[in-house]
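Visitor:
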Amino acid sequence: MAGYTGTVLTAQGQTKADVIVVNGKVTTVDGERETQAVAIAGNKVLFTGTDAQVLKLKTKQTKVIDAGGRRVIPGLFDSHLHVIRGGRFYNTELRWDGVSSLKRALEMLKEQAQRTPAGQWVRVVGGWNEYQFDERRLPTLAEINAATGNVPAFILYLYGKAWLNKAGLQQLGIDGNTPNPAGGLIEKDDEGNPTGLLVAEPNAFILYSTLAKLPELTTAEKVNSTLQYMTELNRLGVTAVMDAGGGFQNFPDDYGITDSLNRLGKISVRLPYFLFAQKKGTELDDFRKWTGMVEIDDHGDNGINGVDYYVRGGGENLVMDAADFENFMFPRPELPASLEGNLKAVVQLLVKKRWPFRLHATYNESISRALSVIEAVDKETPLNGLAWLIDHAETVSEENMQRIMALGGGIAVQHRMAYQGESFIHRYGKKAALAAPPVKRMLEIGLPVGLGTDGTRVASYNPWVTLYWITTGKSIGGSQVMAKEHTLDRLTALRLLTAGGYSLIKEKGKGSIRPGNYADLVILNKDYLTIPEGEISSISSVLTMVDGKVVYGDDVFKSLAPAALPVIPSWSPVKYFGGYQYSK
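For the working numbering, count along the sequence shown from 1 and bump the result up by 3.
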């Protein structure tokens, strides 16, 4: 037990437990402490210690959960995920995340096409690449058309391209006369007819704008879809998410589903969210409007039953001029000269209004320019401890890491290189990939760092792939994209995917299993700290608790959790395949 004797929290005189978890290998992420058992009173951890110590707090009303010797960890906090948008579409999507062969992926595509009704589409929206397949190749348009027939289909591949089948081209009215949008290509054959391949060159607008044209679910189906997606995250041990906004996600209109679920007390992940500017040229107007509508609460806990659901700040898109698309199949985009002036106006407004902010920045060149703006704002309107962060930062330099730290910022890192590492190496070489991003060095100099996924449209939302990548340096296809000397040990990595996210937004009382903290914890199906590295990405939860309540249970814990909600509509791929696909 690492010499840990336990501590009791006295809250309003309460020293008895409502729930006790015993017989576990409890990784508290509170220093190096590991223990056996946890006592919970209300929505907070009351006591941690040995089984014998914790059971002294048991009453006749206490629910005792036997972990059966399994690993118990704090709930995972994905510091960059798109839940509010992703939840609205989850039930429409066929997930190839985790599928181990192209043969099986195409079989799934065919099965789904056969059950998809007229007026709807088959869609595969991110979370996969060819290197995960035994065949180590992408599908062909001929294979896609053969699998889907007359049912329109859209398949998104990373940030770089998408395929429309023949029925999809016809449905959208795309023909040889359809012009290419700015920053995008509609590929043509020798006769000048569209092949069905859409290419981001390098702007993904062509991909996302096409996706936005596909039919949406009904309101009732979107509610169900969002609940299914949050349950899927709970299945993976996720108890909290920083939602980074997203394109085609307008505030407040597109937040109605999660707003309603929050009022009903049905949100099962902590969900602080950031507002994402939607249109070039109107970003400052957007943030003026939003800062006038919303008071930022630095303490959280605005949701029903204590589960956080509130506006946390602005970003990850602050101005379109600063968007450096991470399409590694094309060169780094050159950002316009208007970046500095437009970004400064928005950042200055947010600092004056005391709104935390985050900024999408993949390349060091973009980070340098953004930091010059933030430094200039700080001289005029001091940040003075305001939470802010850079998202992604794959090629950030030592100098810029020091500048971020000097300004009190942090970095949110995702496992995008697990999905795009091979593409990065093909363009920039192996040497450039060895420490992309340089997470270990960030920690050495004391920068706050949180881990996440950036799911769902490029990388998968599975956080265990993040932990596999950052502890092994390997992509989902097994390529060594990060040098082993730059990887993290498993406990450090876990800390970044739990308490690390809260360090970015400067919130306390969450992210570790210690007395006084909110009771978010997970019992795992495999021991993360001891299993072979190749099994890390196959971990899932058998019991997930958020705010002291069981929100997901499997195996022997299924009876402790809410009953599974039937999936609607009846043709939904989620009903037949579920979400992340664990290979048999």
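Where a beta carbon is used, it is the ideal one built from N, C-alpha and C, also for glycine.
(1) Can you pull the DSSP bridge partners for I43?
(2) Report back the beta-carbon spacing between M323 and H83 to the nearest angstrom; my notes put them in contact at under 8 Å.
(3) Near Q115, which residues of its chain fall below 6 Å by C-beta distance, leaving aside the five closest residues on each side in sequence?
(4) Indicate whether the contact test is met: 3 or more Cβ pairs, each with one atom in the stretch 313–330 and one in the stretch 263–283, closer than 8 Å.
(5) Enumerate, from N- to C-terminal direction, the unbroken beta strand (DSSP E) stretches of 3 or more residues contained entirely within the stretch 505–535.
(6) In chain order, what residues of the same chain lie with their CB nearer than 6 Å to the CB of F136, ignoring the 5 residues before and after it?
(7) In the DSSP assignment, what residue or residues form a beta bridge with I393?
(8) Please work out which residues of its chain come closer than 7 Å, Cβ to Cβ, to S586, disregarding the five sequence neighbours upstream and downstream, and give them in chain order.
(9) Scan the stretch 91–169 and note each continuous beta strand (DSSP E) run of 3 residues or more that stays entirely inside, going in chain order.
(10) Have a look at G6 and L60 and give me their C-alpha separation to the nearest angstrom.
(11) Can at least three beta-carbon pairs, one atom from the stretch 157–167 and one from the stretch 128–148, be found at a separation below 8 Å?
(12) Label M548 either buried or exposed according to how many other C-beta atoms from any shown protein chain fall within 10 Å of its C-beta, with 16 as the threshold for buried.
(13) How far does the beta strand (DSSP E) with D69 in it extend, from its first residue to its last?
(14) Within 10 Å of its beta-carbon, does S540 have 16 or more other beta-carbons around it, so buried, or fewer, so exposed?
(15) With distances taken between CB atoms, is the gap from A439 to S369 smaller than 9 Å?
(16) Using a 10 Å radius around the Cβ and a threshold of 16 neighbouring Cβ atoms, would you call I479 buried or exposed?
(17) For N345, collect the residues of the same chain with a Cβ closer than 6 Å to its Cβ; drop the 5 residues on either side in sequence, then sort them by chain order.
(18) Which runs of the alpha helix (DSSP H), 4 residues or longer, sit entirely within the stretch 453–514?
(19) Check for me: the beta strand (DSSP E) holding F290 runs from which residue to which?
(20) Do you know how far the Cα of T261 is from the Cα of G306?
(21) Taking one C-beta from the stretch 173–187 and one from the stretch 140–152 each time, how about it: are there three or more such pairs within less than 8 Å?
(22) From V553 to F333, what distance separates their C-alpha atoms?
(23) Less than 8 Å between C-beta atoms, sequence neighbours within five positions excluded: which residues of the same chain meet that for L374?
(24) So what does E378 bridge to, in DSSP terms?
(25) DSSP puts L278 in a beta bridge; with which residues?
(26) Inspect the CB distances between the stretch 18–38 and the stretch 516–534 and report whether three or more fall short of 8 Å.
(27) What does A203 pair with, by DSSP beta-bridge criteria?
(28) On the CB-based measure, 16 or more other CB atoms within 10 Å of its CB, does H429 come out buried or exposed?
(29) Taking the alpha-carbon of I393 as reference, which of L470, A207, I526 and G413 has the nearest alpha-carbon?
(30) If you pair each beta-carbon of the stretch 494–509 with each one of the stretch 18–25, do three or more pairs fall below 8 Å?
(31) Report the rounded CA-to-CA distance for E425 versus K433, giving the unit in angstroms.
(32) Give me the Cα-Cα distance between R88 and T285, rounded to the nearest whole angstrom.
(33) Mapping DSSP to helix, strand and coil, what is L563?
(34) Between the beta-carbon of V416 and the beta-carbon of I377, is there less than 9 Å?
(35) Buried or exposed: where does E219 fall if 16 or more other Cβ atoms within 10 Å of its Cβ makes it buried?
(36) DSSP has S544 in a bridge; who is on the other side?
Guide: According to the structure shown:
(1) Numbered from its first residue, the sequence shown carries residue 43 at position 40. Per DSSP, V22 and V48.
(2) Position 320 of the sequence shown, counted from the first residue, corresponds to residue 323. Position 80 of the sequence shown, counted from the first residue, corresponds to residue 83. Not really, about 19 Å apart at Cβ, beyond 8 Å.
(3) Looking up residue 115 in the sequence shown gives position 112. Closer than 6 Å at the Cβ level, and outside the excluded window around Q115, lie L97, V125 and P576.
(4) Verdict: yes, contact present.
(5) 524–527
(6) Along the sequence shown, read from residue 1 onward, the residue named residue 136 stands at position 133. So the list reads S104 and L105, once near-sequence residues are dropped.
(7) Walking along the sequence shown from the start, residue 393 turns up at place 390. L362 and I414.
(8) Here residue 586 corresponds to residue number 583 of the sequence shown, with the count starting at 1. G101 and S103, listed in sequence order.
(9) Taking only runs of at least 3 residues, the beta strand (DSSP E) segments lying wholly in the stretch 91–169 are 125–128, 156–160 and 164–167.
(10) Here residue 6 corresponds to residue number 3 of the sequence shown, with the count starting at 1. Here residue 60 corresponds to residue number 57 of the sequence shown, with the count starting at 1. Unreliable placement is indicated for G6, whose pLDDT of 38 sits below 50; the coordinate value is still reported in the next sentence. Whole-angstrom Cα-Cα distance: 21 Å.
(11) yes
(12) As a position in the sequence shown, residue 548 is number 545, starting the count at 1. Counting Cβ neighbours within 10 Å, M548 comes out buried, since at least 16 surround it.
(13) Locating residue 69 in the sequence shown gives position 66, where the first residue counts as 1. Per DSSP, D69 belongs to the beta strand (DSSP E) from K66 to D69.
(14) Numbered from 1 along the sequence shown, position 537 holds the residue referred to as residue 540. S540 should be labelled buried.
(15) On the sequence shown, position 436 is the one that residue 439 refers to. On the sequence shown, position 366 is the one that residue 369 refers to. Not in contact: A439 and S369 (Cβ atoms no closer than 9 Å).
(16) As a position in the sequence shown, residue 479 is number 476, starting the count at 1. Under this definition I479 is a buried residue.
(17) Your numbering for residue 345 matches position 342 in the sequence shown. Hits under 6 Å: V322 and D324.
(18) 466–475, 493–499 and 502–507
(19) As a working note, residue 290 is residue 287 in the sequence shown. Taken as a continuous stretch (DSSP letters only), F290 belongs to no beta strand (DSSP E), being part of the alpha helix (DSSP H) at E286 to M296.
(20) One-based indexing of the sequence shown puts residue 306 at position 303. One-based indexing of the sequence shown puts residue 261 at position 258. Confidence at G306 is low in this model, with a pLDDT of 47, below 50, so its placement is unreliable and the value that follows should be read with caution. Distance between the alpha carbons of G306 and T261 is about 11 Å.
(21) no
(22) Taking the sequence shown and counting its residues from 1, one reaches residue 553 at position 550. Taking the sequence shown and counting its residues from 1, one reaches residue 333 at position 330. Spanning the two alpha carbons is a distance of roughly 45 Å.
(23) Sequence index remark: in the sequence shown, residue 374 carries index 371 (1-based). Counting only Cβ-Cβ distances below 8 Å, and skipping sequence neighbours, we find N403, R406, I407 and L410.
(24) For the purposes of this step, residue 378 is taken as residue 375 along the sequence shown, with counting starting at 1. DSSP lists no partner for E378.
(25) Taking the first residue of the sequence shown as position 1, residue 278 is located at position 275. Partner(s): G317.
(26) yes
(27) Taking the first residue of the sequence shown as 1, we reach residue 203 at position 200. DSSP lists G187 as the bridge partner or partners of A203.
(28) If you number the sequence shown from 1, residue 429 lands on position 426. By the 10 Å Cβ count, H429 comes out exposed.
(29) Stepping through the sequence shown from its first residue, residue 393 is reached at position 390. Distances from the CA of I393 to each of L470, A207, I526 and G413 were compared; the closest alpha carbon is that of G413.
(30) no
(31) In the sequence shown, residue 425 corresponds to position 422, counting from 1. In the sequence shown, residue 433 corresponds to position 430, counting from 1. One C-alpha to the other measures close to 9 Å.
(32) Taking the sequence shown and counting its residues from 1, the one referred to as residue 88 is at position 85. Taking the sequence shown and counting its residues from 1, the one referred to as residue 285 is at position 282. Rounded to whole angstroms, R88 and T285 show a C-alpha spacing of 21 Å.
(33) Here residue 563 is taken as the residue at index 560 of the sequence shown, counted from 1. Three-state result, L563: helix.
(34) Position 413 of the sequence shown, counting from 1, holds the residue named residue 416. Position 374 of the sequence shown, counting from 1, holds the residue named residue 377. At a Cβ-Cβ threshold of 9 Å, V416 and I377 do not count as neighbours.
(35) In the sequence shown, residue 219 corresponds to position 216, counting from 1. Exposed: under 16 other Cβ atoms inside 10 Å.
(36) Within the sequence shown, the letter at position 541 stands for residue 544. Bridge partners of S544: L527.
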